[in-house]
Each structure stands twice: as C-alpha cells, then as structure tokens.
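What follows is a set of notes on a single structure, which appears directly below.
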Amino acid sequence: MNVKIEKLIKQFAKLPRVGTRAATRMVLSLLQDKTGKAENLAELLSDAAQTIHPCSICGVLTDNDVCEYCSDVSRKNGQLCIVRDLSDVLVLEKSGVFHGRYHVLGGNLSGVEGVTPDDLNIANIPTRIKNENITEIIFALPNTVEGKTTQQYIITTTQNQNVVFSELASGVPLGGDLDYIDDGTLTLAFGGRKKL
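Numbering follows my numbering, with no gaps: position 110 of the sequence shown is 113.
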C-alpha cells in the first residue's frame, strides 16, 4: 500500500474508538470521493485547529473567549454539572435533561496514568462556585474508580463553600461511560440523582 495512505490510516486509527478497519474505510472513502469531501474536511480541520480552544470559564471547546453555555443567562440556575470531557456535554445536551452550566475536567485523576489535579481543569471550581452563585454541583463522571476518586477530590476541596453535591443515580452502570447510555436511561439517572 502507498506510504501516504498508510500514514493517513495510522493517524485516523489514533482517534478514539476508531480501529484500523474503520480508519482504512474512512481514508479510502475520502480519497476515492470526487465531490471534494477530502479537501473540505482538510480545510475545516485546519480552520478548527487554529480557532477552536477551551472556554476560559468551563473548558467547553469554542471559537469565542466564553462558550455558548457560559454566556447563556437562562442557564444561570445555580447548578454546575461536572463532566470528564466534551463528549459528555454533547450527550447531556442531546438528552435535554440538564439546563445549567457545565465544567469540563479534561479527564479523571489516575495514579496509574499519572494524572494529577494539576493536569485537569479543577483549580477554578471554587471561584466558579462563588462568582456564579452555584448551589448544587452535579457529578456526571464515569462510574469508575478514577471517576469516584476525582469526585471525592473535588468534594474535599470545595466542601466549605455551602454547596450541595449530587451524582447521577440509577441507570449508569459501574464502569459505564455516558457515551454508551441511551437518552431514557440518562433521563432516569439525572432525575434520580442523589446527594453526596
């Protein structure tokens, strides 16, 4: 196989949840397409790489200083939903179960992988609680050891701020990610969240 095609396939295969077979199909489809999809994709990716960055408040990707969720006044309801990454925000938005503000950590604490609080978007949570009059922090983190460790660390560092902590309840299996949960289960889990 052509060296350039092999390099492309290897790059696509590095994407989350994309294996070599899927990467091969995508690359070959793009390269054989005569409608300009490859050029359009390359142009869009280049533009996004230069203009998209994390929101200065919550960490959601945006092309403005402040994202659409942080600038939406109707979301100023005292609720802050803490999630691992942007895909979790997209899942919650699609389900329509949450209408407050988000905080994207960019991962979970992990001793095995060497991820410390300094590696995550955690430091400004106490400031957000104060500045945005947050009364409830809702944890929508993976139901894993790393997710629970991250949750406990945030509770410990913010517990003197007169805020209620809750987490998603039934429906989110142990070891489960929000990406794999259907809207109905997510609605149940969000509605049945429990105080910590």
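Note that CB positions come from ideal geometry on N, CA and C, so glycine has one too. Quick caveat, the model's predicted, so the values are computed rather than measured.
Which residues does DSSP pair with residue i in a beta bridge?
i	result
residue 98	DSSP output for residue 98 lists no bridge partner at all.
residue 157	Answer is none; residue 157 lacks a bridge partner.
residue 198	169
When DSSP labels each residue in this structure, what does residue i get in the three-state scheme?
i	result
residue 64	strand
residue 135	coil
residue 116	coil
residue 104	strand
residue 70	coil
residue 45	helix
residue 57	strand
residue 52	helix
residue 128	helix
residue 140	strand
residue 79	coil
Let's see if you can read the secondary structure: which residues bound the beta strand (DSSP E) around residue i?
i	result
residue 169	167-170
residue 86	82-86
Using a Cβ-Cβ cut-off of 8 Å, state whether residue i counts as contacting chain B.
i	result
residue 117	Absent from the structure is chain B; it holds one protein chain and no more.
Got a sec, what are the start and stop residues for the alpha helix (DSSP H) residue i sits in?
i	result
residue 184	Segment: none, residue 184 is in no alpha helix (DSSP H) and carries neither H nor E.
residue 34	23-35
residue 11	6-16
Quick check: residue i and residue j, are their CB atoms within less than 8 Å of each other?
i	j	result
residue 255	residue 109	This structure does not reach residue 255, given that the chain is present from 4 up to 199, and the question cannot be answered.
Are three or more beta carbon pairs between the segment 91-103 and the segment 179-194 nearer than 8 Å?
yes
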